[in-house]
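Engineer: The structure's right below; bear with me while I get my questions together.
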Amino acid sequence: MENIYDKFEPFIQLPAQEFDFRSSRHEVWENGKMINGGNSNTNISCVKTLSDEKEFNIHEKSKIDLDNIPSNINLNKSVIFDLLITQTDRLQLISVPDNKFINCIGLQAMKLMIGQTTNKIPLLSNPYCCSIFLKENKILKISFSFDNPEKLIEFYK
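Okay, here's the thing in structure tokens:
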């Protein structure tokens, strides 16, 4: 199956970006199975914000705000990510904590590739990654990845 999303050279760090996205539906995945899904009218916006953690040499972070999240989804209404990087078929906003807080393989791999980006302790309702999938530079899907338990929340255009 051909990938429908824009392609990027992987692991390029980009400056923080701003955007707005309104979803029409969502899916929640845990342990490889969809456990929740349906229509949604969630607005996801991203703004640049200054960093309060100077030891990682990250001056500008990305703040995601979510409005109108379905009540059966456990996701903070505001999340700050440390870096914006490229992957093969997406952009990723990420925050990588200390090893003692990492349980999932994806986050462990991220730690090996880019290193720790924050000293903050992750919360269960805070994702460590926000993936932004584009087609012709327009956002089609935004997903949030969680650790412990591993969970994926996807919002579609």
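With the first letter of the sequence shown counted as 1, position 151 gets the number 154 in this note's numbering; the numbers rise by one all the way through. For glycine and all other residues, C-beta sits at the position ideal for the given N, C-alpha and C. Quantities reported herein were computed from a predicted structural model and do not represent experimental measurements.
Compute the Euclidean distance between the alpha carbons of residue 151 and residue 123, then round it to the nearest angstrom.
Structural biologist: 16 Å
Engineer: Does the separation of the CB atoms of residue 97 and residue 88 fall below 8 Å?
Structural biologist: yes
Engineer: Taking a contact to mean a Cβ-Cβ separation below 8 Å, would you say residue 78 touches residue 156 in this structure?
Structural biologist: yes
Engineer: In three-state terms, what does DSSP make of residue 109?
Structural biologist: helix
Engineer: With distance defined between alpha-carbon atoms, name the residue in 90, 34, 35, 44 nearest to residue 24.
Structural biologist: Nearest option by C-alpha distance: 44.
Engineer: Can you give the Cα-Cα distance for residue 38 and residue 29, rounded to whole angstroms?
Structural biologist: 11 Å
Engineer: Helix, strand or coil for residue 117 per DSSP?
Structural biologist: When secondary structure is reduced to three states using DSSP, residue 117 falls in the helix class.
Engineer: Going by the DSSP bridge assignment, what does residue 30 pair with across the sheet?
Structural biologist: 40, 157
Engineer: Count the other CB atoms within 10 Å of the CB of residue 17; is the residue buried (16 or more) or exposed (fewer)?
Structural biologist: exposed
Engineer: Give me whichever residues DSSP pairs with residue 89 in a beta bridge.
Structural biologist: 94
Engineer: Quick check: residue 145 and residue 76, are their CB atoms within less than 8 Å of each other?
Structural biologist: no
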